[in-house]
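Chains as they are written, first to last, in the working numbering: chain A, 1 to 237; chain B, 238 to 403.
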């Protein structure tokens, strides 16, 4: 079964410096019908004005994956990590026993557009950690590029390891280009369109649309017009 | 475990006290506290540190009365070595007088952290404000001590709650 979560029905928050769309309940947007899907708790679609951002705040017991679509993001945290990340980079934080971090648009004149994903960890009180990996854009072109998963990748150090039986992939498909994905029995999924248009098993999805996948062993993703699609795919327990 | 609320109020010019404030906040989060981090503004006319000053001005907001009302513990920190309370902290504690006079500080906890000497003016001010103070921890590893202090404060709130509820 494919249940579509249309972009326009997402929660939202707008401030002078921030434009956010919440696929699931977050901050002041609370909808009991949209509290997450399986262990996927948050997909926030944030656009942050130049030089602005989220001041230091805390997290505990959450796997936080950030994927920048456009622009650059400056990260600073209580573990002493300080980085600027851009597109084609995976940033993953395990909050575990507790972290404090800030995220700012690193540019003085360009907005930054990003997806922030929260996955509930399988265990509490893990040692906090920060992971960051970059990849070539060709690695997501026409195929699935693993961003984060429960096991170290075969080519160690190319994707983030998270404390949950969940995998996050990204792919970019041109118009009419297709890709299939098979779920093991008893697995669930989520598809989130980062930009562009696509067909998912015949359903039309546009930018910001999501889809919950249950008891659907085979997915067929096809890039739509005019510019294809960039899409995240989740494989969840 | 019940959530508890902690506000960390600090002044840092070059980022070293900020580091300890972050550690205290992390310790409180380890103790399952909700935290707010607040930085006192640079004194008027003071030179703003080129590397950290502007960044901190951007990242932190100044404490407001509502933060102190929300918090069950106020954790304060200022650069080490000061013999007297800075004008900013004088002003900060003055701004809390109304809450204290309304009895809102009854059962509230105060604590500090430091990478050296100089917390006694802060403790004197916390006593005047009527906060229940948790002694400062000294340790060669100031970051670890600040983190532990944050955790202790969260635990203290929880320990005092039944008494405060009466």
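Using N, Cα and C, we set each Cβ at its ideal position, and we do this for glycine too.
- Here the segment 86 to 104 of chain A makes contact with the segment 253 to 267 of chain B; the two share three or more CB pairs at distances below 8 Å.
- Under the rule that a run must span 3 or more residues, the beta strand (DSSP E) segments found entirely inside the segment 33 to 61 of chain A read 40 to 48, 53 to 59.
- For residue 246 (chain B), the nearest beta carbon of chain A is not closer than 8 Å to its own beta carbon.
- Burial is judged here by how many other beta carbons sit within 10 angstroms of a residue's own beta carbon; residue 113 (chain A) has at least 16 and is buried.
- Between residue 49 (chain A) and residue 109 (chain A), the C-beta gap is not smaller than 8 Å, which leaves the two residues out of contact.
- Of all residues in the segment 101 to 133 of chain A, only 102 place a beta-carbon less than 7 Å from a beta-carbon of chain B.
- Taking the beta carbon of residue 55 (chain A) as reference, the chain B residues within 9 Å of it are 274, 295, 296, 297, 298, listed in sequence order.
- Counting C-beta atoms within 10 angstroms of its own C-beta, residue 44 (chain A) has 16 or more neighbours from the protein chains shown and is therefore classed as buried.
- Just measuring C-alpha positions, the residue of B:299, B:289, B:258 sitting nearest residue 332 (chain B) is B:299.
- In summary, residue 76 (chain A) is buried, with 16 or more beta-carbon neighbours lying within 10 Å of its beta-carbon over all protein chains present.
- It is roughly 17 Å from the alpha-carbon of residue 60 (chain A) to the alpha-carbon of residue 245 (chain B).
- Excluding its 5 nearest sequence neighbours in each direction, residue 227 (chain A) has C-beta neighbours in its own chain below 7 Å: 196, listed in chain order.
- Under the Cβ criterion (8 Å, minimum of three pairs), the segment 213 to 224 of chain A does not count as touching the segment 247 to 254 of chain B.
- For residue 200 (chain A), the closest of A:224, A:186, A:188 by C-alpha to C-alpha distance is A:224.
- The Cβ atoms of residue 116 (chain A) and residue 231 (chain A) do not sit closer than 8 Å to each other.
- Contact annotation: the segment 118 to 133 of chain A touches the segment 53 to 69 of chain A, with at least three C-beta pairs closer than 8 Å.
- Taking all protein chains in view, the Cβ of residue 127 (chain A) is surrounded by fewer than 16 other Cβ atoms within 10 Å, so the residue is classified as exposed.
- For residue 362 (chain B), the CB contacts under 7 Å within the same chain, skipping 5 residues up- and downstream, are 322, 326, 330 in chain order.
- Residue 139 (chain A) and residue 193 (chain A) have their C-alpha atoms some 18 Å from each other.
- Taking all protein chains shown into account, residue 198 (chain A) has 16 or more neighbouring C-beta atoms within 10 Å of its C-beta and is therefore buried.
- Sixteen is the threshold: when 16 or more other Cβ atoms of the shown chains lie within 10 Å of the Cβ of residue 205 (chain A), as they do, the residue is buried.
- The straight-line gap separating the alpha-carbon atoms of residue 367 (chain B) and residue 272 (chain B) is approximately 21 Å.
- DSSP places residue 376 (chain B) in no beta strand (DSSP E); its state is neither H nor E.
- Close CB contacts of residue 143 (chain A) within its chain, under the 8 Å cut and outside five residues either way in sequence, are with 171, 179 (chain order).
- According to DSSP, residue pairing for residue 223 (chain A) in a beta bridge involves A:175, A:198.
- The alpha carbon of residue 239 (chain B) has as its nearest neighbour, out of B:268, B:334, B:259, the alpha carbon of B:268.
- Taking 8 Å as the cut-off, the Cβ atoms of residue 157 (chain A) and residue 222 (chain A) do not count as close.
- Counting C-beta atoms within 10 angstroms of its own C-beta, residue 35 (chain A) has fewer than 16 neighbours from the protein chains shown and is therefore classed as exposed.
- For the C-beta of residue 58 (chain A), the chain B residues within less than 7 Å are, from N- to C-terminus, 262, 266, 272.
- Contact annotation: residue 314 (chain B) and residue 342 (chain B) have beta-carbon atoms that are not nearer than 8 Å.
- Per DSSP, the unbroken beta strand (DSSP E) holding residue 19 (chain A) starts and ends at 18 to 22.
- DSSP places residue 130 (chain A) in the uninterrupted beta strand (DSSP E) bounded by 129 to 134.
- By the rule that beta-carbons nearer than 8 Å mark a contact, residue 269 (chain B) touches chain A.
- Looking from the CA of residue 282 (chain B), the closest CA among B:384, B:375, B:259, B:324 belongs to B:324.
- Boundaries of the alpha helix (DSSP H) harbouring residue 332 (chain B): 324 to 332, taken from the DSSP string.
- Residues of the same chain with a CB within less than 7 Å of the CB of residue 305 (chain B), apart from the 5 flanking positions on each side, are 244, 311, 333, 336 in chain order.
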